[in-house]
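Note sheet for the following structure.
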């Protein structure tokens, strides 16, 4: 890459971080004036009224970086369109929900629309390497991709329940995925995207780090879930990549949310309503600390999930084995912490 391009990219990332930092500050001031605050209740993990909607900062900035990458030729316009159009649809739903509590059906309509639009641009699920054979999805791949995107939007929202956890997950997963894409030689321009996502999330995290001065809100959490789902599907369509590394890197969120929802469904509870029964919420109560749980998530991502995801990239035939090794202990921990009860 020419040195001029490298300098330009560094400038973009720096401006993205600083812009996110300043926009989040402005959103916090506005939210306080407009009384856009989360008031603690028996289902909350916080004890003080706190402004929400801070995720709007990276919702504004990240699509701008995508458009820049597309304009410079760093990124295919199909993925730019999928992330920008679909992401903004999800963000609008989240913003409206932050302001006036949308019904579950209306939220689902927004999420479904975003998923369909994204898949129209990037296609359905890629083949899945099971080690002993390669599973070709065919037409059902579009259905699986649709469900996967919608579920990631919602599970990321479910997991945004304590200070710093959702933004820290976004940054650590984005940076680890950056390394994996470079090592695997399958970036396709996504390496620039992931750094931009990390920079935008980091600017917000300055204000969201425990004790949080502002919350991300549905506008940000759903957006991040959508972005990761679409990037995972798009990157896995390359010859040397599969979905396994992404399932591993996002393992903490996927396992906790999925086990919690399944157990709540089995208990005939309204799984889509707010609650405090996720494993990370039980851990927060047990440790009496948001900071300890958020740091634990970062550490597990870096020293456990990251290396196993690297194995899945370097040895695709062992991807399913690496995923099992990575996710089973997380499932055991979630059950130990009484996720869903």
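Residue numbers (the working numbering): -10 to 330.
Just so you know, even glycine gets a beta-carbon here, dropped at the ideal spot from N, CA and C.
The structure displayed is predicted, hence computed values, not measured ones.
Sequence-distant residues of its chain with Cβ nearer than 6 Å to residue i (five each side left out)
{"i": "residue 117", "result": "124"}
{"i": "residue 134", "result": "108, 113, 114, 222"}
{"i": "residue 73", "result": "52, 55"}
{"i": "residue 194", "result": "156"}
{"i": "residue 66", "result": "59"}
{"i": "residue 110", "result": "67, 70, 71"}
8 Å CB neighbourhood of residue i in its chain, flanking five on each side removed
{"i": "residue 93", "result": "261"}
Euclidean distance between Cα positions of residue i and residue j
{"i": "residue 120", "j": "residue 318", "result": "21 Å"}
{"i": "residue 132", "j": "residue 22", "result": "43 Å"}
{"i": "residue 225", "j": "residue 320", "result": "24 Å"}
{"i": "residue 322", "j": "residue 268", "result": "8 Å"}
{"i": "residue 77", "j": "residue 212", "result": "8 Å"}
{"i": "residue 253", "j": "residue 246", "result": "11 Å"}
{"i": "residue 217", "j": "residue 239", "result": "9 Å"}
{"i": "residue 89", "j": "residue 36", "result": "22 Å"}
{"i": "residue 243", "j": "residue 82", "result": "22 Å"}
{"i": "residue 258", "j": "residue 328", "result": "14 Å"}
C-beta contact flag for residue i and residue j at 9 Å
{"i": "residue 10", "j": "residue 198", "result": "no"}
{"i": "residue 169", "j": "residue 115", "result": "no"}
{"i": "residue 179", "j": "residue 220", "result": "yes"}
{"i": "residue 331", "j": "residue 42", "result": "Shown here, the chain extends from -10 to 330; a query on residue 331 therefore has no answer."}
{"i": "residue 55", "j": "residue 182", "result": "yes"}
{"i": "residue 201", "j": "residue 142", "result": "no"}
{"i": "residue 147", "j": "residue 250", "result": "yes"}
{"i": "residue 172", "j": "residue 302", "result": "yes"}
{"i": "residue 177", "j": "residue 227", "result": "yes"}
{"i": "residue 314", "j": "residue 158", "result": "no"}
Helix, strand or coil at residue i according to DSSP, with G and I counted as helix
{"i": "residue 117", "result": "strand"}
{"i": "residue 227", "result": "coil"}
{"i": "residue 39", "result": "strand"}
{"i": "residue 245", "result": "helix"}
{"i": "residue 198", "result": "coil"}
{"i": "residue 27", "result": "strand"}
{"i": "residue 126", "result": "coil"}
{"i": "residue 263", "result": "coil"}
{"i": "residue 147", "result": "helix"}
{"i": "residue 51", "result": "helix"}
Among the options, the one whose alpha carbon lies nearest that of residue i
{"i": "residue 263", "options": "133, 305, 27", "result": "27"}
{"i": "residue 156", "options": "97, 47, 141, 60", "result": "47"}
{"i": "residue 185", "options": "2, 63, 129", "result": "2"}
{"i": "residue 51", "options": "108, 17, 215, 15", "result": "215"}
{"i": "residue -1", "options": "58, 81, 38", "result": "58"}
{"i": "residue 75", "options": "98, 61, 62", "result": "98"}
{"i": "residue 265", "options": "312, 12, 29", "result": "29"}
{"i": "residue 38", "options": "24, 49, 45", "result": "24"}
{"i": "residue 80", "options": "208, 237, 316, 280", "result": "208"}
{"i": "residue 68", "options": "248, 149, -6, 106", "result": "106"}
{"i": "residue 137", "options": "87, 285, 236", "result": "236"}
{"i": "residue 152", "options": "277, 188, 122", "result": "277"}
{"i": "residue 145", "options": "-5, 316, 210, -6", "result": "210"}
Own chain residues within Cβ distance below 7 Å of residue i, not counting five before or after
{"i": "residue 272", "result": "282, 326"}
{"i": "residue 139", "result": "100, 101, 104"}
{"i": "residue 300", "result": "307, 311"}
{"i": "residue 130", "result": "113, 114"}
Distance cut-off 8 Å: residue i Cβ against heavy atoms of the ligand SAH
{"i": "residue 127", "result": "No copy of the ligand SAH occurs in the structure displayed, which carries no ligand at all."}
Chain C contact for residue i (CB, 9 Å cutoff)
{"i": "residue 323", "result": "As a matter of chain content, chain C is missing from the structure shown, which is built from one protein chain."}
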